[in-house]
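Numbering (mature numbering (1 follows the signal peptide of the UniProt record, and there is no 0)), first residue to last: -23 to -1, 1 to 488.
Each residue gets a CB set at the ideal place from its N, CA and C atoms; glycine is no exception.
The structure under discussion appears below in the form of structure tokens.
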């Protein structure tokens, strides 16, 4: 399964990572200066819940662009990962539990009412009760929102939230008109925000057209007059549309890159931030006793040739790795070393020491779209005596992966922001801790990471990553890069994201 490239609010199915791909119009109208004035967006049918950002199940994966069309977020995340102003022009942090936001005074909802501190509070109050909760909303349950004056409010959490400002830039910070929140059913067909574009026509499930809103507080950031969102039946269909000029951009796939390059398209590759591999969920050994043995989990890690898998499955887009934290992110410092080389002999030795000289059978929840990865790993495990009994569940995968009935499954998880991401995959009730595994040493190390960002927190992250690697809670094969593809006439900045934020799209300079 593939961030957030996450299905369960943080767990991302590989195909779900591409649910919302921005695309520019191949035949867009021209301005007097010859510039393009229209962008077309491609979508793949998926669980984007209408125009209510508080219900969006995939955060910045599936809904970031959709939300950014009609809504403003409290903060932005620049391509280099820095937090920049949005509706909030400035902020003051007090430790990792409290932030005071200063709002701009010139933002208005599409009905002319001001976006003020009371409106932000109304959104957070609504989000606490939203069902089903979106990816970024769980952190809001721990927040107390206090209005200081019309343009000032404080957010105070009963638990540390070092990544709070990042959440305010994604699915946890898009502000809806409070009038619409009193009748949330209205958001099924029409947005109610302060964003740069207004919905002008729609064919539900097929096509949506937006035009630039006059009077938006930040007109220079959005360079196109019209946006059109068109639905595609598959990733292949979307890629074909890219190559034939029907659209100008979309989330890329490694297997399509050769053809995209031949077609002269621009490739935008993010830094590798997404874990790819196997979730060894039954660490207590309740389903498969062997997985309760640390030596067995370590053996599985030694059994796989990560370099070969990354080349075969991900076409070299990314880096082979066993660590849960990709290079360049907090927790990936020099003191944390890769521990698992390809060593099938050592894998067999560890299995024998753990009492499994003849291996064992591993019941495995197959995600369907990850079958190539699953089959590659299964081939290596078979060589050391471990049989992966793969049972594909495509239509009901989300329910099955939440059920706690499976010992292992394939997964992908984008590790930005780092502190929040490790909490999601390691804490007993984290969305990515599928079978609610616990370990006193991991829990203590995790607690130390949920602290104000800085040198001490970075060291705590490195300690945690090392401990998790030693205990082999996962069988990570590598860190993959998210891809975005545009025509020669359009460019954007993907940074460390799963897609290019709307405000980064602009005409490409002629080469």
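Check your understanding: Is the stretch 157 to 177 touching the stretch 48 to 61, taking contact as three or more C-beta pairs under 8 Å?
Key -> By the Cβ rule, the stretch 157 to 177 counts as touching the stretch 48 to 61, because three or more pairs are nearer than 8 Å.
Check your understanding: How many whole angstroms separate the CB atoms of residue 442 and residue 281, which I take to be in contact at a CB cut-off of 8 Å?
Key -> Taking C-beta atoms under 8 Å as the contact rule, residue 442 and residue 281 fail to qualify, at a distance of about 19 Å.
Exercise for review: Look at the Cβ atom of residue 66, then the Cβ atom of residue 79, and state whether they are nearer than 9 Å.
Suggested key: Yes, they are a contact pair.
Point to revise | Segment contact, 8 Å Cβ cut-off, at least three pairs: the stretch 117 to 124 with the stretch 91 to 102 | key: In this structure the stretch 117 to 124 lies against the stretch 91 to 102, because at least three pairs of beta carbons, one per stretch, are closer than 8 Å.
Review point. Which residues share a DSSP beta bridge with residue 462?
Key: Per DSSP, 227, 244.
Practice item. Taking all protein chains shown into account, decide if residue 250 is buried (16 or more other Cβ within 10 angstroms of its Cβ) or exposed. Key: Looking at its Cβ environment, which holds 16 or more other Cβ atoms inside 10 Å, residue 250 is buried.
Point to revise | Selection from 425, 382, 379 that minimises the alpha carbon distance to residue 399 | key: For residue 399, the nearest C-alpha among the options comes from 425.
Exercise for review: Quick one: measure Cβ to Cβ for residue 237 and residue 252, integer angstroms, because I've assumed they're closer than 8 Å.
Suggested key: Residue 237 to residue 252, Cβ: 25 Å. No contact.
Practice item. State the beta-bridge partners of residue 359 as determined by DSSP. Key: According to DSSP, which records beta bridges pairwise, residue 359 is partnered with nothing at all.
Point to revise | Where the beta strand (DSSP E) containing residue 454 begins and where it ends | key: Residue 454 -> beta strand (DSSP E) spans 451 to 457.
Check your understanding: residue 135: buried (16+ other C-beta within 10 angstroms of its C-beta) or exposed?
Key -> So residue 135 counts as exposed.
**Study point:** Continuous beta strand (DSSP E) stretch holding residue 67: start and end
**Key:** Looking at the DSSP string, the run of the beta strand (DSSP E) that includes residue 67 is 65 to 71.
Check your understanding: Using 8 Å as the Cβ pair cut-off and three pairs as the minimum, do the stretch 130 to 144 and the stretch 67 to 77 touch?
Key -> Yes, the stretch 130 to 144 is in contact with the stretch 67 to 77.
Review point. Taking DSSP as the reference, what is the three-state secondary structure of residue 386?
Key: Strand, per DSSP.
**Study point:** Length-filtered (3 minimum) beta strand (DSSP E) runs lying within the stretch 372 to 455
**Key:** Every beta strand (DSSP E) stretch that sits fully inside the stretch 372 to 455 and reaches 3 residues is listed by chain position as 385 to 391.
Point to revise | 6 Å Cβ shell around residue 245 - same chain, five flanking residues per side excluded | key: 461, 471.
**Study point:** Coarse secondary structure for residue 154, derived from DSSP in three states
**Key:** Of the three classes helix, strand and coil, the one that applies to residue 154 here is coil, per DSSP.
Point to revise | The beta strand (DSSP E) enclosing residue 239, as first and last residue numbers | key: For residue 239, there is no enclosing beta strand (DSSP E); the residue is part of the alpha helix (DSSP H) that begins and ends at 234 to 239.
Check your understanding: For residue 452, which of 128, 350, 437, 64 has the nearest alpha-carbon?
Key -> The shortest C-alpha separation from residue 452 is found at 350.
Review point. With a cut-off of 8 Å, do at least 3 Cβ pairs link the stretch 383 to 402 to the stretch 135 to 148?
Key: Verdict: yes, contact present.
Point to revise | residue 387 beta carbon near the ligand COA (any heavy atom closer than 8 Å) | key: Looking for the ligand COA in the displayed structure turns up nothing, as the structure carries no ligands at all.
Review point. What is the rounded straight-line gap between the Cα of residue 489 and the Cα of residue 223?
Key: There is no way to answer for residue 489, as the model of the chain reaches only from -23 to 488.
Review point. DSSP on residue 349, reduced to helix/strand/coil?
Key: Look at residue 349 here: in three-state DSSP terms it is helix.
Review point. For the beta strand (DSSP E) that contains residue 76, what are its first and last residues?
Key: Taken as a continuous stretch (DSSP letters only), the beta strand (DSSP E) holding residue 76 covers 75 to 80.
Check your understanding: For residue 401, which residues from the same chain have a beta carbon less than 7 Å from its beta carbon, with the 5 sequence-adjacent residues on both sides left out?
Key -> Residues -14, 407, 408, 409 of the same chain have their beta carbon placed closer than 7 Å to that of residue 401, with the five preceding and five following residues left out of the count.
Review point. Can you give the Cα-Cα distance for residue 295 and residue 429, rounded to whole angstroms?
Key: Rounded to whole angstroms, residue 295 and residue 429 show a C-alpha spacing of 30 Å.
**Study point:** Per DSSP, cross-strand counterpart(s) of residue 296
**Key:** Under the DSSP definition of a beta bridge, residue 296 partners with 456.
**Study point:** Test: residue 300 CB closer than 9 Å to a CB of chain B
**Key:** Absent here is chain B; the protein component of the structure consists of one chain.
**Study point:** beta strand (DSSP E) runs contained entirely in the stretch 256 to 302, provided each spans 3 or more residues
**Key:** Whole beta strand (DSSP E) segments, 3+ residues: 295 to 297.
Practice item. In the DSSP assignment, find the alpha helix (DSSP H) that holds residue 97 and state where it starts and stops. Key: Boundaries of the alpha helix (DSSP H) harbouring residue 97: 94 to 104, taken from the DSSP string.
Practice item. Report yes if the C-beta distance between residue 28 and residue 206 is below 9 Å; otherwise report no. Key: No, they are not a contact pair.
Review point. Is residue 165 buried or exposed, if buried means 16 or more other CB atoms sit within 10 Å of its CB?
Key: Per the 10 Å Cβ criterion, exposed.
Exercise for review: Consult DSSP for residue 130 and reduce its assignment to one of helix, strand or coil.
Suggested key: Looking at residue 130 - three-state DSSP - the assignment turns out to be strand.
Check your understanding: If you compare alpha carbons, which of 455, 99, 43 is closest to residue 297?
Key -> Selected option, being the one with the closest Cα: 455.
Check your understanding: Considering residue 144, what are the terminal residues of the alpha helix (DSSP H) in which it resides?
Key -> It spans 141 to 144 - the alpha helix (DSSP H) in which residue 144 sits, taken as one unbroken run.
Point to revise | Spatial distance of residue 188 from residue 43 (CA atoms) | key: Whole-angstrom Cα-Cα distance: 14 Å.
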